[in-house]
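Q: For the sequence shown, position 21 (counting from the first letter as 1) is numbered 21 according to full-length UniProt numbering, and the numbering increases by one without interruption.
Built from N, CA and C at the ideal position, the CB exists for glycine as well.
It should be emphasised that the depicted structure is a prediction, and the values quoted were computed from it without experimental measurement.
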Amino acid sequence: MKATALAHPNIALVKYWGKRDEALILPHQSSLSLTLSPLSVTTTVEFGVSSDQVELNGHTAKGSERERVLRALETVRAEAGGKLGPARMVSRGDFPASAGLASSAAGFAALAVAARAAAGLPADPKAASVLARRGSGSACRSVQGGFCEWRRGERADGADSYAVQRFDEKHWPELRMVVAILNRDEKEVKSRDGMKHTVDTSPYYEAWARDAEVEVPRAVEIIQRKDLEALGELSERNAWRMHATAFAANPPLCYMHPNTLGLIQHLREQRKKGIPVWFTLDAGPNPVLLTDAAHEVAAEALARACGAVDVVRCVPGGDATLKSEHLF
C-alpha cells in the first residue's frame, strides 16, 4: 500500500506545445525528448490513510495542483478495484519548479510509477506513461530513460497517446546536456496556460504543429547515427519555431529573458571557434545546451560567462525506478 519512485525530467528536442484535448491532455503533434540525469523528483504514495493529502516540495498542494494529483490517484484506485481508500502523496525535487526545467514531468512520472506499485498493479511502462500524461503531458516521456517519443495518437480516448523509448540511455553516452539556470523564479505563465493561449490565438499554430510532426522521424534518424551537429541544428530550429508561435499569440507570450537571448545568440560565435554547442529551450528562461563530453566544461564556462547563476551538467538519464527508502 506504500511505494516510492524516482524519475528524471526530460528535455524535448522536438517540442510538445499545445493540446487537442485539454481534459485528457492529448497533443496536436508528436514529440521527442532526452531524459536528463542527475536531476530528479522523488515521490512516495501510500493508500489507506485517513484522508487525501498532497505535499509538493514541502508545501501542501492547493487548487489545480492538488486536483491533478488526486485525479491520477483516483485513476489508479479505479484500476485496482476502487477499495484502496484515501492516499497520501509527498513529492520532492532537487531542481527549481516552474522554471522551464520539466519539474512536473518528473513529478508525475514518479507519481505514476509509485502509485501503481503502491496499489499492487504490475509494472507496465505503457500504462504508467498514459497515467503520467493525464497529470502533465510531457511526464509520459519521463517514465523511461534515454530518447523517448510521445506518439500523438488518433483515438479520442487517448489510449494510443503515450511515450515509447526509441533509444535507451546507453545509446549515446558521449552526449551532454548542460542546463544553464539564468533565473530560478517561477515563470509568470505556466506551460499549461501558455499552450492554450498559443493554440487559441497564434496564427502560426497550425503550421507549427505540421512542422513539428515531421521533425520527429528526422530526429530519430539523426540520433540513430549519433550526428551531434545535425541534432543541434534540428533542436535549435524546433525551439525557435515553438517560441515563435508564442511570440505571435495575442497578446504576445515571451518566456525568454534578455540574458536568455544573449546566451543563445552567443552560441553561434562559439561554433565558429570550433566549440560544438547548440541550445534547446522549453517554456522558461533557462536554456539547455547540447554538446559532447569533450566540450561540456567549455559549455559550462560559456553559460556562466553569460549570466548563469547555476549550471547543471546532465547525461542521458534512465527509467523511473522504485526506491526502498520512503519520504514519510
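Under 8 angstroms by Cβ, that's how I've got V113 and L327 pegged, so tell me the actual separation to the nearest angstrom.
A: Incorrect: roughly 14 angstroms between the Cβ atoms, too far for contact.
Q: Less than 7 angstroms between the beta carbons of E300 and V178, yes or no?
A: It is a contact, given that the beta carbons lie within the stated cut-off.
Q: Please state whether DSSP places F167 in a helix, a strand or coil.
A: F167 falls in the strand class under three-state DSSP.
Q: Which runs of the alpha helix (DSSP H) fall wholly inside the segment 50-103 and span at least 4 residues, in chain order?
A: Runs of the alpha helix (DSSP H) inside the segment 50-103: 63-79.
Q: Going by other Cβ atoms of all chains shown within 10 Å of its Cβ, with 16 needed for buried, is T260 buried or exposed?
A: By the neighbour-count rule (16 or more Cβ atoms within 10 Å), T260 is buried.
Q: Return the CA-CA distance between F167 and H257, expressed in angstroms with no decimal places.
A: Computed Cα separation, rounded: 33 angstroms.
Q: Any C-beta of chain B sitting closer than 7 angstroms to the C-beta of Y16?
A: The displayed structure is made up of one protein chain only, and chain B is not part of it.
Q: Could you check whether the segment 178-189 touches the segment 202-215, counting it as contact only if at least three pairs of C-beta atoms, one from each stretch, sit closer than 8 angstroms?
A: Judged by Cβ distances under 8 angstroms, the segment 178-189 makes no contact with the segment 202-215, as fewer than three pairs qualify.
Q: Do you know offhand how far V297's Cα is from L24's?
A: Between V297 and L24, the C-alpha separation is close to 41 angstroms.
Q: Any contact between the segment 239-249 and the segment 269-277? By contact I mean 3 or more CB pairs, one from each, below 8 angstroms.
A: They do not touch, by the three-pair rule.
Q: How long is the line joining the alpha carbons of Y162 and P125, rounded to whole angstroms?
A: Those two C-alpha atoms are separated by around 9 angstroms.
Q: Tell me whether G82 is buried or exposed, calling it buried when 16 or more other Cβ atoms sit within 10 Å of its Cβ.
A: Flag for G82 reads exposed.
Q: To the nearest angstrom, how far is it from the Cα of V54 to the Cα of K226?
A: About 42 angstroms.
Q: Taking 7 angstroms as the threshold (C-beta atoms), are A7 and A110 in contact?
A: Yes, they are a contact pair.
Q: Since G194 and A283 are thought to touch, with beta carbons under 8 angstroms apart, how far apart are those beta carbons, to the nearest angstrom?
A: Indeed, because the Cβ distance is near 6 angstroms, the residues count as touching under 8 angstroms.
Q: Leaving out five residues before and five after N250 in sequence, what residues of the same chain have Cβ atoms less than 7 angstroms from its Cβ?
A: So the list reads T201, once near-sequence residues are dropped.
Q: In this structure, what does DSSP give as the bridge partners for L34?
A: For L34, which the question treats as bridged, DSSP gives the partners I11, F147.
Q: Within 10 angstroms of the Cβ of V309, are there 16 or more other Cβ atoms? Answer buried if so, exposed if not.
A: Its Cβ having fewer than 16 others within 10 Å, V309 is exposed.
Q: Would you mind sorting D21 into buried or exposed? The rule is 16 or more other CB atoms within 10 Å of its CB.
A: Exposed.
Q: Considering only the alpha carbon of each residue, which of A117, D160, F147 lies closest to R133?
A: Answer by Cα proximity: D160.
Q: Quick check on the burial criterion: 16 or more other C-beta atoms within 10 angstroms. Buried or exposed for G18?
A: Burial call: buried.
Q: Pull up the distance between the alpha-carbon of K15 and that of E169, whole angstroms please.
A: Spanning the two alpha carbons is a distance of roughly 19 angstroms.
Q: Under three-state DSSP, which class holds F108?
A: Residue state, collapsed to three classes: helix.
Q: Mind checking Q265: buried by the 16 CB within 10 Å criterion, or exposed?
A: Answer is exposed; the Cβ neighbour count stays below 16.
Q: Checking 7 angstroms against the spacing of the C-beta atoms, do A119 and A80 come in under that value?
A: Yes, the pair counts as a contact, with Cβ atoms nearer than the cut-off.
Q: Quick check: what's the CA-CA separation for P203 versus E325?
A: Straight-line Cα distance between these residues: approximately 49 angstroms.
Q: Does the segment 86-94 touch the segment 48-62, meaning 3 or more C-beta pairs lie closer than 8 angstroms?
A: Touching, yes.
Q: Hey, would you say V216 sits closer than 7 angstroms to S30, going by beta carbons?
A: Cβ atoms of V216 and S30: closer than 7 angstroms.
Q: Looking at the secondary structure, which residues open and close the beta strand (DSSP E) in which R313 lies?
A: R313 -> beta strand (DSSP E) spans 310-316.
Q: From P287 to K190, what does the alpha carbon distance come to, in whole angstroms?
A: For P287 and K190, the distance between alpha carbons rounds to 17 angstroms.
Q: Hey, how far is the Cα of G145 from the Cα of E269?
A: Approximately 32 angstroms, taken between the alpha carbons.
Q: What number of angstroms, rounded off, separates the C-alpha of residue 329 from the C-alpha of V143?
A: What is shown of the chain runs 1 to 328, which leaves residue 329 out entirely.
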